[in-house]
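K.L.:
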Amino acid sequence: MLTDGASGAGESRHRGNSQVQLQSGEDPNRCGVPFAALVMEFLVTVSPAPASPAPVAPAATAPAATFVDRHIGARRQADVDTMLKAVGYDTVDALVDTAVPKDIRQDSALELAGALSEVEALAELRRLAAKNKTAVQMIGQGYYDTVTPPVIRRNILEGPAWYTAYTPYQPEISQGRLEALLNFQTMVQDLVGLPIANASLLDEATAVAEAVLMMRRANKNKEAHDGKTVLDADCLPQTIAIVKGRAEALGFEVEVADLTQGLPDGVINGVVLQQPGASGRVFDHSAVIANAKERGALVTVAADLLALTLITPPGEQGADIAVGSAQRFGVPLFYGGPHAAYMAVQKGLERSMPGRLVGVSKDSAGVPAYRLALQTREQHIRREKATSNICTAQALLAIVASMYAVYHGPEGLKAIARSAHAHAATLATSLKAAGFDVLHTSFFDTVTVSVPGKAAGIVAGAEARGINLRSIDADTVGFSTDETTTPTIVDAVLEAFGARLAEVTDAFGLDAAVERSSDFLQHPVFNTHRSETQLLRYIRKLSDRDLALDRTMIPLGSCTMKLNATAEMEAISWPEFASIHPFAPDSQTEGWRELIADLEAQLTEITGYDQVSIQPNAGSQGELAGLLAIRGYHHSRGDQQRNVCLIPASAHGTNAASAVLAGMKVVVVATAADGTIDHADLYAKIEANKDALSCIMITYPSTHGVYDADVREVCDAIHAAGGQVYIDGANLNALVGLAQPGKFGGDVSHLNLHKTFCIPHGGGGPGVGPVAAKAHLAPFMPGNAATWTEGNDVPISASKYGSAGVLPISWAYVKLMGGQGLTEATKSALLAANYIAARLNDFFPVLYTGEGGLVAHECILDLRELTAKTGVTAEDVAKRLIDYGFHAPTLAFPVAGTLMVEPTESEDLGEMDRFIEAMISIRAEIDQVAHGEFSVTDSPLRNAPHTAAAVISSDWDRAYPREQAVFPVKSLKQDKYFPPVGRIDGAAGDRNLICSCPPLSEFEN
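Each residue of the sequence shown is one higher than the one before, counting from 1 in full-length UniProt numbering.
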């Protein structure tokens, strides 16, 4: 039975405003099982075996299409021939042999098992899932069981309109997900009592680390600026480990202290408190916060959002920053992730805040419109001056959490919180009555109990009853209640302790000093969508405003927006994968660990390295992990002075930011006129830094979309100088099956599973950035934050396996494709990019090419000369493409005034031709400007995109007809997407920052 949790409120969802109860005796672990799976399970159990069919004469039919045929868009030989003719080659292999330098080609085919069918892959996933054991998860420690309302699970978490979307850098076609993210920000701001929140971070522990770094750079008190950071001893263990690891690389002091006893002596830059604490303790932080302020420190509180419905929020207690996780707002446990972290700050800190920030501006008609605000803060632009390397956020999971708040509203959230708290109080009262020492009297949902010498037996007894408790040490046990806790579960926990239910008293509860009195979530969006009908329509309304991969090609260079096949996505919400706690006993996670080990082994084979860790939960975090491994290697050899990281000027923006966070000094290497690394400058920089050289970071193929023929020479030069080679794997889609970075000179790389290996981008996250390394760096790969001790491998993410919940997607992709299929996909990606380059070169010159005038998997279209002649910018072209129903290519990166196009292997010839037709049509409009038919200001290019409201207006007075505005090519008359807003004024929004839900009246005027 699917449930909404035990909140105790009202009627059924069919009638309106309700919560559905888990009936006594019903297995809580079946909550969230897809209905179709239950039906299939029933049919397999009760249905008789089918009768043997009568013999049928074999028919002469074409062979059934394989998954490879479904994944690769231009699969028909006639289509391939058409594309080859345009490029000037007879075969795909001839094209590949010319484009890819021979000295990096791998000697043999990938040693991977043959491709599975979708039926076979799903059966194997079922086998792995069956090896996991679901349980009632009461371990807590920052991860809690929750119920994803089915309407949200099916229509957002499993909805391609939401999970295939890209980061909303083109806001006009992202209004739906931007509104959902603004709801998330508003939800966080209200609950924590601070005025500005971002649109999510990666996980709670790394969010605390970001807050610590922000306090260090934002503290204007001269005396306190370089002081130590103090962490409350009751912070989550994984948080302490992550912060200490970051501090070691950056060289600042961290002290862990029991802050119930006051602040320690010494100069303090910043303080981090946990509310509730890891032990469950809830106490009034206001005195500690006031004391810290008096001593010139800034204060961060890591707070549980559900608890804040009942507890005084951090902002009201004086905190400068609040961070935490939104996981328990309807996001499954996922064996540790992906989960949306959050950050909120006091006014004045917003320009120092990491992550994305959604704000409200207005479009060209004065209509309020959402967009990403203050983007100049981003590491892509600031590079080595960046204050964070956050790239991927957790947008999809933040949207799930925001919709959970929309679904339940303030009263529903309070009811869920009260239910969890009441169950915890019942357990504490009963255990105390049985003679146990309950360590804290003021708590929300987490109880810590002293059980001298009995912890192992109690935990084992609970596990035998299908319940996981937290084993703290031999003498202490903890447990956390949540919205799925029932009276039956309470009874079973007490049985494990050898106790019985006792009458509840007021001995345990929240101290009056910490009880919340302020309102929250009063905006209409959180008080309107009470019936499932209303919420379903709201979700659909928002998704209709967006353009995602389910509707159109998204030709973003460097981002590899390929097919996210439904069969790959199928398993992530199965309870045997989704309902597993990251700290569950190994006996319950055999299937998960087998899948992860298998995926790591496959990625090791694909990349040519010796070891892979899938822990980093974003590409930027994979970069950091790889650089920390290089740092650890040099330090182990006594080469602490090796801290210089060479980075080509064309590199991805996160490269430089990650190097700084790893404690390195960035030295930029110039780019030659042909887009390759300037060798004279490279050798000069190597010589100038030969004793301090740590590494070089290169992207291969280069960010310019070309296979540089000199990559081995560059790697050899760095190695000769004692450095290491980091090869950024963002462009691995041009290498798989053709060349292995671990074999042609790389020491370490990160990969992007949300690019090459089909995890969907989710509107700006989730992402996974595994790090792959040669054997000599393997000892320095990421450690386990939950068990970390100082001096061991630095952890990168809060959980051992990072965003494990989405790994079945990449596992399935590799299994479905097989080694040959993966290689064919790479070749098809090269053919597609070169086809578009060849077809468009006469209209928009391709900026960089390699051998034979070919590109790799992407090409850069140069508009700078056209801009100089006509004033039409690359941004104008990007916005005009919206009128043709396309997401724009990557704008102004890596070269200003250009568009970088990557079609991927998944697009068919018809869709690529549709894009080419649109670009040629746009070039004709640029020529109209050049010929003086209308000025650039009055052109359809500068006025793009065109809304339906604009073109039906009775006062149309533009220099071009309405038909040209919205139907510039005939095919659009049959299938037209209208953007909900016109071109948005980002600068105006930055000047007048609004980053929470504005009053509805602003949208009505």
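The C-beta atom is built at its ideal place from N, Cα and C for all residues, glycine as well.
#1: Alpha carbon to alpha carbon, what distance is there between V768 and Q615?
#2: For V243, which residues does DSSP report across the bridge?
#3: Taking the alpha carbon of L357 as the point to measure from, which residue in Y169, L308, N527 has its own alpha carbon closest?
#4: Please specify which runs of the beta strand (DSSP E), each continuous and at least 3 residues long, are wholly inside the region 707 to 790, giving them in chain order.
#5: Does the beta-carbon of Q317 have 16 or more other beta-carbons within 10 angstroms, so that it is buried, or is it exposed?
#6: From the DSSP output, read off the bridge partner residues of E515.
#7: Hey, would you say E858 sits closer than 7 Å to G764, going by beta carbons?
#8: So what does residue 1019 bridge to, in DSSP terms?
#9: Run through the region 323 to 399 for me and flag every whole beta strand (DSSP E) of 3 or more residues, listed as ranges in chain order.
#10: State the beta-bridge partners of G632 as determined by DSSP.
#11: How far does the alpha helix (DSSP H) with T448 in it extend, from its first residue to its last?
#12: Excluding the 5 residues preceding and the 5 following S361 in the sequence, name in chain order all residues of the same chain whose CB lies nearer than 7 Å to its CB.
#13: Would you call the region 858 to 876 and the region 939 to 948 touching, i.e. three or more CB-CB distances under 8 Å?
#14: Which residues does DSSP list as the beta-bridge partners of L231?
#15: By DSSP, does M900 sit in helix, in strand, or in coil?
#16: Locate the beta strand (DSSP E) running through T300, then write down its first and last residues.
#17: Looking at the secondary structure, which residues open and close the alpha helix (DSSP H) in which S531 lies?
#18: Strictly by DSSP, which residues pair up with M697?
#19: Kindly indicate which three-state DSSP category V855 falls into: helix, strand or coil?
#20: In whole angstroms, what separates the C-alpha of G73 from that of V100?
#21: I'd like to confirm the pairing. Which residues does DSSP put opposite S480 in its beta bridges?
#22: What residues match up with V814 in a beta bridge as DSSP calls it?
#23: Residue range of the beta strand (DSSP E) that K293 falls in?
#24: Fully enclosed by the region 162 to 212, which beta strand (DSSP E) runs are 3 residues long or longer?
#25: Taking its Cβ as the centre, do 16 or more other Cβ atoms sit within 10 Å of I952, making it buried, or is it exposed?
#26: According to DSSP, what are the bridge partners of L891?
#27: Whole angstroms is fine: what's the gap from S286's alpha carbon to E483's?
#28: Taking the alpha-carbon positions, what's the A924 to N733 distance?
#29: Kindly indicate which three-state DSSP category T552 falls into: helix, strand or coil?
#30: Run through the DSSP bridge pairs and tell me what N132 is partnered with.
#31: Judging by CA-CA distance, which residue of Q964, D957, D908, A948 is the nearest neighbour of S921?
#32: How should V119 be labelled, buried or exposed, when 16 other C-beta atoms within 10 angstroms of its C-beta is the threshold for buried?
#33: Could one say the Cβ of T703 lies closer than 7 Å to chain D's Cβ atoms, at least one of them?
#34: Check whether the Cβ atoms of I399 and M138 lie closer than 7 Å to each other.
#35: Do Y835 and A86 have their CB atoms nearer than 7 Å?
#36: Any chance the region 296 to 312 sits against the region 242 to 256, with 3 or more Cβ pairs inside 8 Å?
P.N.:
If we stick to the structure as given:
#1: Here residue 615 corresponds to residue number 615 of the sequence shown, with the count starting at 1. Here residue 768 corresponds to residue number 768 of the sequence shown, with the count starting at 1. Rounded to whole angstroms, the gap between the alpha carbons of Q615 and V768 is 8 Å.
#2: Counted from its first residue, the sequence shown places residue 243 at position 243. Bridge pairing for V243: absent [DSSP].
#3: As a first step, residue 357 is located in the sequence shown; it is residue number 357 there, counting from the start. L357 has its Cα closest to that of Y169, out of Y169, L308, N527.
#4: As far as the region 707 to 790 is concerned, its whole beta strand (DSSP E) runs of at least 3 residues are 724 to 729, 748 to 751, 771 to 773.
#5: Locating residue 317 in the sequence shown gives position 317, counting from the first residue. Counting the other CB atoms within 10 Å of its CB gives Q317 a total of 16 or more, which places it among the buried residues.
#6: Along the sequence shown, one-based indexing puts residue 515 at 515. DSSP lists I311 as partners of E515.
#7: Locating residue 858 in the sequence shown gives position 858, where the first residue counts as 1. Locating residue 764 in the sequence shown gives position 764, where the first residue counts as 1. No, the Cβ-Cβ distance between E858 and G764 is not below 7 Å.
#8: In the structure as shown, the chain begins at 1 and stops at 1005. Residue 1019 is therefore absent and cannot be evaluated.
#9: The qualifying runs are 341 to 345, 358 to 362, 368 to 372.
#10: Taking the first residue of the sequence shown as position 1, residue 632 is located at position 632. Paired residues: none, contrary to the question.
#11: In the sequence shown, residue 448 corresponds to position 448, counting from 1. Taken as a continuous stretch (DSSP letters only), T448 belongs to no alpha helix (DSSP H), being part of the beta strand (DSSP E) at 446 to 450.
#12: As a first step, residue 361 must be located in the sequence shown, where it is residue number 361. A369, R371, I984, D985, G986, A988, G989.
#13: Yes: the two stretches touch, three or more of their Cβ pairs being nearer than 8 Å.
#14: Counted from its first residue, the sequence shown places residue 231 at position 231. The partner list for L231 (beta bridge, DSSP) reads V256, V272.
#15: Working through the sequence shown from its first residue, we reach residue 900 at position 900. Residue state, collapsed to three classes: strand.
#16: Locating residue 300 in the sequence shown gives position 300, counting from the first residue. Run containing T300: 298 to 303, per the beta strand (DSSP E) assignment.
#17: As a working note, residue 531 is residue 531 in the sequence shown. In the DSSP assignment, S531 falls outside any alpha helix (DSSP H), carrying neither H nor E.
#18: Within the sequence shown, the letter at position 697 stands for residue 697. The partner list for M697 (beta bridge, DSSP) reads Y726.
#19: Start at 1 with the first residue of the sequence shown, and residue 855 comes out as number 855. V855: coil per DSSP, three-state reduction.
#20: Here residue 73 refers to the residue found at position 73 when the sequence shown is read from its first residue. Here residue 100 refers to the residue found at position 100 when the sequence shown is read from its first residue. Those two C-alpha atoms are separated by around 22 Å.
#21: Taking the first residue of the sequence shown as 1, we reach residue 480 at position 480. Paired residue(s): T446.
#22: Residue numbering aside, residue 814 sits at position 814 when the sequence shown is read from its first letter. None; V814 has no bridge partner.
#23: If you number the sequence shown from 1, residue 293 lands on position 293. Unbroken run through K293 is the alpha helix (DSSP H), 286 to 294; no beta strand (DSSP E).
#24: Taking only runs of at least 3 residues, no beta strand (DSSP E) segment lies wholly in the region 162 to 212.
#25: The count along the sequence shown starts at 1 and reaches residue 952 at position 952. If you draw a 10 Å sphere on the C-beta of I952, you find fewer than 16 other C-beta atoms in it, and that means exposed.
#26: Taking the sequence shown and counting its residues from 1, the one referred to as residue 891 is at position 891. Its beta-bridge partners are L899.
#27: Translated into positions along the sequence shown, residue 286 becomes position 286. Translated into positions along the sequence shown, residue 483 becomes position 483. Between S286 and E483, the C-alpha separation is close to 29 Å.
#28: Translated into the one-based positions of the sequence shown, residue 924 becomes position 924. Translated into the one-based positions of the sequence shown, residue 733 becomes position 733. Linking A924 to N733 through their CA atoms gives a straight-line distance of about 33 Å.
#29: Residue numbering aside, residue 552 sits at position 552 when the sequence shown is read from its first letter. Coil at T552, not helix or strand.
#30: What you label residue 132 is simply residue 132 of the sequence shown in a count that begins at 1. For N132, the pairing in a beta bridge is given by DSSP as T589.
#31: Here residue 921 refers to the residue found at position 921 when the sequence shown is read from its first residue. Distance check between S921 and each of Q964, D957, D908, A948 places Q964 closest, using alpha-carbon atoms only.
#32: Here residue 119 corresponds to residue number 119 of the sequence shown, with the count starting at 1. Its Cβ having fewer than 16 others within 10 Å, V119 is exposed.
#33: The structure shown contains no chain D; it holds only a single protein chain.
#34: As a working mapping, residue 399 is identified with position 399 in the sequence shown. As a working mapping, residue 138 is identified with position 138 in the sequence shown. In terms of Cβ geometry, I399 and M138 do not form a close pair [threshold 7 Å].
#35: Locating residue 835 in the sequence shown gives position 835, counting from the first residue. Locating residue 86 in the sequence shown gives position 86, counting from the first residue. Their beta carbons are under 7 Å apart, which means Y835 touches A86 by this criterion.
#36: Counting Cβ pairs under 8 Å, fewer than three are found: no touch.
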